[in-house]
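A.B. asks:
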Amino acid sequence: MAKEQEKRFIKIKEEYVAITGGFNEAAVLEQMIQWYRATIKKDSENRQLAEKMMKLGTTEAAEKILNQIRDGWFYKSATDLSNDMMGFKKSRAVKDILNNLVDQGFLLADSNRNKAKFDKTTHYKVNMDRVQYECQKLGFSVDGYMNFNDEEMQDLANKYEEAPKGETAELQKMQMDENTQNPRHVPFAFFANGRAKNANGRAKNANLYHLIQSSYTNHLIQDQNLNPKPNQSETDKKMDTLWDLDIPKGLKIKVKNKILDDTWKDLTFKDLEALEDAYHYQIRKGYVDPECGHTDMDSLNDQEFTKTIVKLLDTVTVKEIRNIRGLIKEWVEQAFCYKREEQQETPYIGGKLPSNNWLID
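Numbered according to my numbering, the sequence shown spans residues 527 to 887.
1. What number of angstroms, rounded off, separates the C-alpha of threonine 546 from the C-alpha of aspartate 676?
2. Excluding the five sequence neighbours on either side, which residues of its own chain have a C-beta within less than 6 Å of the C-beta of glutamate 541, listed in chain order?
3. Buried or exposed, going by whether 16 or more other CB atoms sit within 10 Å of the CB of asparagine 849?
4. Does tyrosine 650 come out as helix, strand or coil in the three-state DSSP assignment?
5. Buried or exposed: arginine 656, going by 16 or more other Cβ atoms within 10 Å of its Cβ?
6. Between arginine 534 and the rest of its own chain, which residues show a CB-CB distance below 7 Å, the 5 nearest in sequence each way excluded?
7. Select from Lys568, Glu556 and Gly776 the residue whose C-alpha is nearest the C-alpha of leucine 607.
8. Mind checking arginine 506: buried by the 16 CB within 10 Å criterion, or exposed?
9. Just the Cα atoms here: how many angstroms apart are threonine 841 and leucine 786?
10. Counting along the chain, where does the alpha helix (DSSP H) carrying leucine 838 start and finish?
11. From Thr794, Ser570, Asp797 and Ile623, pick the residue whose C-alpha is nearest to that of isoleucine 591; which is it?
12. What residue does the alpha helix (DSSP H) around leucine 798 start on, and which one ends it?
13. May I ask you to list the residues that DSSP assigns as paired with leucine 633?
14. Counting Cβ pairs, one atom from each stretch, are 3 or more of them under 8 Å apart for the stretch 791 to 800 and the stretch 825 to 835?
15. Just verifying my parser: in three-state terms, what is the DSSP assignment at phenylalanine 549?
16. So, are the CB atoms of lysine 782 and leucine 768 less than 8 Å apart?
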């Protein structure tokens with residue numbers, strides 16, 4: 527008996543029609559989001575594989591794997607996209623739709639991602655923050671993504687409402703080029719104590735570290751856009767330190783706002799750096815997986831980690847903290863046990879389960 531061929535179909539989602547203004551744009555955007563998610567998943571797998579290679583001491587193999595990480599960027603020609611969508615539009619029309627989505631700010635386009643300078647093939651990346659923001663403004667949720675909270679929506683509004691969509695997309699692409707400086711080509715040496723280092727033994731500024739450890743790709747470029755203008759005040763120095771950390775964006779925003787309103791003014795530079803160390807320690811231990819779902823019992827996701835840290839810092843007296851790493855470890859493990867208990871009603875072996883209901887939206 528002949529094997530049944532997998533059926534293909536085109537999705538047109540109401541929310542994407544609403545934000546793009548057309549059925550064709552909505553269909554292409556949905557297809558590009560699927561490719562973006564596949565790329566993100568592959569990037570995450572490569573990061574994990576590279577870390578395993580480093581632990582085995584095979585740094586050359588790890589470097590080759592790291593060079594395959596695309597930070598969410600992928601190549602898809604208009605012809606290929608048309609074929610994927612069963613020829614619903616000619617390639618020329620698909621190209622026009624892609625350009626329109628770039629102008630609207632939902633896609634980023636870059637023709638300078640190839641090592642060969644003469645190769646100007648256009649690569650794309652979905653600006654999921656923009657997609658989510660525009661959908662949420664209209665009352666829609668995006669499948670597979672947690673809604674932004676009010677503070678995050680306000681920060682995104684400040685960023686996206688200042689300029690037309692096309693200008694915002696271009697500014698983001700330019701800033702990404704400026705800030706990342708192609709981090710995949712940073713010389714690789716070794717990994718020790720949770721920190722990536724370069725050949726002379728000095729800790730690097732988290733470019734390679736980010737590639738290896740972070741699966742939350744949501745996004746150096748957009749973090750940098752939220753960074754306050756630097757000056758010499760103590761608070762703004764903390765802001766600079768905060769925005770250099772490789773921690774979830776939502777946590778950065780929370781910490782920023784709490785420092786600015788003096789709620790967490792006693793957080794020291796050492797405490798801020800400890801947040802990053804603790805976050806990646808929990809990833810290595812398996813208690814945190816940036817991309818896991820709300821119903822995934824194996825780990826906490828970035829939003830749940832953020833809520834746990836915020837609850838911790840709201841509960842204890844910041845000035846009296848002596849070992850923030852130890853506190854984070856204890857609270858994250860308790861939150862992890864709580865999440866598992868909520869999903870499968872398994873008793874917490876370690877004793878009475880704390881009421882960590884801040885994990886629930």
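Ideal Cβ placement from N, Cα and C applies to all residues, glycine included. In this text the structure is predicted, and so the values were computed from the model without any measurement.
C.D. replies: According to the structure data:
1. For the purposes of this step, residue 546 is taken as residue 20 along the sequence shown, with counting starting at 1. For the purposes of this step, residue 676 is taken as residue 150 along the sequence shown, with counting starting at 1. Straight-line Cα distance between these residues: approximately 23 Å.
2. Position 15 of the sequence shown, counted from the first residue, corresponds to residue 541. Closer than 6 Å at Cβ, skipping near neighbours: Cys661 and Phe666.
3. As a working note, residue 849 is residue 323 in the sequence shown. Asparagine 849 should be labelled exposed.
4. Along the sequence shown, read from residue 1 onward, the residue named residue 650 stands at position 124. Three-state DSSP puts tyrosine 650 in a strand.
5. Stepping through the sequence shown from its first residue, residue 656 is reached at position 130. By the 10 Å Cβ count, arginine 656 comes out buried.
6. Counting from one through the sequence shown, the residue named residue 534 turns up at place 8. Closer than 7 Å at Cβ, skipping near neighbours: Met612.
7. Translated into positions along the sequence shown, residue 607 becomes position 81. That would be Glu556, whose Cα lies nearest to the Cα of leucine 607.
8. A query on residue 506 cannot be resolved here, the shown segment of the chain reaching from 527 to 887 and no further.
9. Within the sequence shown, residue 841 is the residue found at index 315, counting from 1. Within the sequence shown, residue 786 is the residue found at index 260, counting from 1. Approximately 18 Å between the Cα atoms of the pair.
10. Taking the sequence shown and counting its residues from 1, the one referred to as residue 838 is at position 312. Taken as a continuous stretch (DSSP letters only), the alpha helix (DSSP H) holding leucine 838 covers 828 to 841.
11. For the purposes of this step, residue 591 is taken as the residue at position 65 of the sequence shown. Closest option to isoleucine 591, Cα to Cα, is Ser570.
12. On the sequence shown, residue 798 is found 272 positions in, with the first residue counted as 1. Taken as a continuous stretch (DSSP letters only), the alpha helix (DSSP H) holding leucine 798 covers 795 to 811.
13. For the purposes of this step, residue 633 is taken as residue 107 along the sequence shown, with counting starting at 1. Its beta-bridge partners are Val652.
14. no
15. What you label residue 549 is simply residue 23 of the sequence shown in a count that begins at 1. If DSSP states are grouped into helix, strand and coil, phenylalanine 549 belongs with the helices.
16. Along the sequence shown, one-based indexing puts residue 782 at 256. Along the sequence shown, one-based indexing puts residue 768 at 242. Yes, they are a contact pair.
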